[in-house]
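Numbering of the sequence shown is given in full-length UniProt numbering, commencing with residue 1 and proceeding in unit increments.
Yeah, the Cβ is synthetic: ideal placement off N, Cα and C, and Gly gets one too.
Predicted model, so just to flag it, every value in this text is computed and none were measured.
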Amino acid sequence: MSAKTILVLGATGATGRRLVAELLARGHRVRAIVRSSSRLPAELRGHPQLQVIEGSALELGEAALAQALAGCDAVASCLGHNLSLRGMFGPPRRLVTDSVARVHSALADTRPERPVRVVLMCSAGVRNADLDERVSIAQRFVLLLLRFLLPPHADNEQAAEYLRSTVGREDAAVEWSVVRPDTLQEGDEVSDYELHPSPTRSALFNAGETRRVNVAHFMARLATDDAAWDEWRYRMPVIYNSEKQEGDA
Numbered sequence: 001m002s003a004k005t006i007l008v009l010g011a012t013g014a015t016g017r018r019l020v021a022e023l024l025a026r027g028h029r030v031r032a033i034v035r036s037s038s039r040l041p042a043e044l045r046g047h048p049q050l051q052v053i054e055g056s057a058l059e060l061g062e063a064a065l066a067q068a069l070a071g072c073d074a075v076a077s078c079l080g081h082n083l084s085l086r087g088m089f090g091p092p093r094r095l096v097t098d099s100v101a102r103v104h105s106a107l108a109d110t111r112p113e114r115p116v117r118v119v120l121m122c123s124a125g126v127r128n129a130d131l132d133e134r135v136s137i138a139q140r141f142v143l144l145l146l147r148f149l150l151p152p153h154a155d156n157e158q159a160a161e162y163l164r165s166t167v168g169r170e171d172a173a174v175e176w177s178v179v180r181p182d183t184l185q186e187g188d189e190v191s192d193y194e195l196h197p198s199p200t201r202s203a204l205f206n207a208g209e210t211r212r213v214n215v216a217h218f219m220a221r222l223a224t225d226d227a228a229w230d231e232w233r234y235r236m237p238v239i240y241n242s243e244k245q246e247g248d249a
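Now the structure itself:
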């Protein structure tokens with residue numbers, strides 16, 4: 001497999017830094033947009049295959065964002081809101097959605113020779129409107145409250161819906177996949193994990209578990225492996241630790 005160039009958003013987050021490490025370990029070139037390079041792990045800073053761009057996808061000028069995207073094969077977003085009052089309720093409330101939309105607009109303007117893969121980390125609590133993903137009345141009620149009470153949940157829903165309906169399946173600049181982990185766990189080793197087109201359990205009342213490192217591993221596969229991409233392109237796979245792994249933990 002030839003080396004690819006991947007732009008990572010949210011590279012200093014708990015999942016994003018694992019994704020950067022996974023991509024570099026696979027021999028790919030990584031560009032990371034970060035607010036401060038000092039927040040990257042020491043073992044990543046200075047890696048010859050890593051280019052660090054300080055700023056954010058919302059704040060970079062058009063020319064700078066276009067340069068960051070130039071020649072990229074994929075963009076992987078691990079963006080999320082900090083679990084603090086300011087992070088949850090302060091601006092930007094549409095961090096994920098507006099970043100994805102800005103990347104899409106920049107790619108549409110630059111007209112890449114072939115569509116760029118956009119891999120978005122979301123959550124199992126976000127529904128895929130293309131499928132008949134049934135949820136209980138109780139879960140629907142709680143999700144309705146979350147949309148109004150917790151802006152990050154609404155942001156995740158809107159970002160996934162932007163890719164599904166605004167970008168769609170005929171866009172000349174972008175192809176996409178939305179990765180939906182359930183309750184995120186720490187852990188340094190990749191374990192067995194399962195992939196499903198839709199949730200197999202309630203994200204609210206019977207939540208599963210997903211190691212961050214497993215999410216990073218799968219996102220790296222989507223960004224760089226053609227077979228994985230062909231299977232999950234224009235879909236929203238749900239990822240869980242395998243049941244055997246959960247039982248052994």
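Original post:
So what's S77 in DSSP terms, helix, strand or just coil?
Top reply: The three-state reading of DSSP puts S77 in strand, counting E and B together.
Original post:
Can we say the region 201-221 touches the region 165-182, given the rule of at least three CB pairs closer than 8 Å?
Top reply: The region 201-221, when compared against the region 165-182, does touch it at the 8 Å Cβ threshold.
**OP:** Can you tell me which of the three DSSP states L9 falls into?
**Re:** When DSSP states are grouped into helix, strand and coil, L9 belongs to the strand group.
Original post:
So R221 and A228 are in contact, right, with Cβ under 8 Å, and what is the actual spacing, rounded?
Top reply: R221 to A228, Cβ: 4 Å. Contact.
Original post:
Taking the Cβ atom as the reference point for each residue, do L188 and S242 lie within a distance shorter than 8 Å?
Top reply: Going by the sequence as given, residue 188 is Asp instead of Leu. Contact flag unset, no.
Subject >> Residues near A106 by beta carbon distance below 8 Å, same chain, minus five either side >> reply: Same-chain partners within the cutoff: E62, L65, A66 and L69.
Subject >> DSSP-derived helix/strand/coil call for M219 >> reply: Correct three-state label for M219: helix.
Subject >> E194 beta carbon less than 8 Å from that of Y240 >> reply: For Y240 and E194, yes; Cβs fall inside 8 Å.
Subject >> Sequence-distant residues of the same chain with beta carbon closer than 7 Å to V126, five excluded per side >> reply: Result list for V126: N156, E157, A160 and R180, in chain order.
Original post:
What residues in its chain sit with their C-beta under 6 Å from that of G168, if we drop five residues either side in the sequence?
Top reply: Closer than 6 Å at the Cβ level, and outside the excluded window around G168, lies no residue.
**OP:** From the DSSP output, read off the bridge partner residues of T183.
**Re:** Beta-bridge pairing links T183 to E209.
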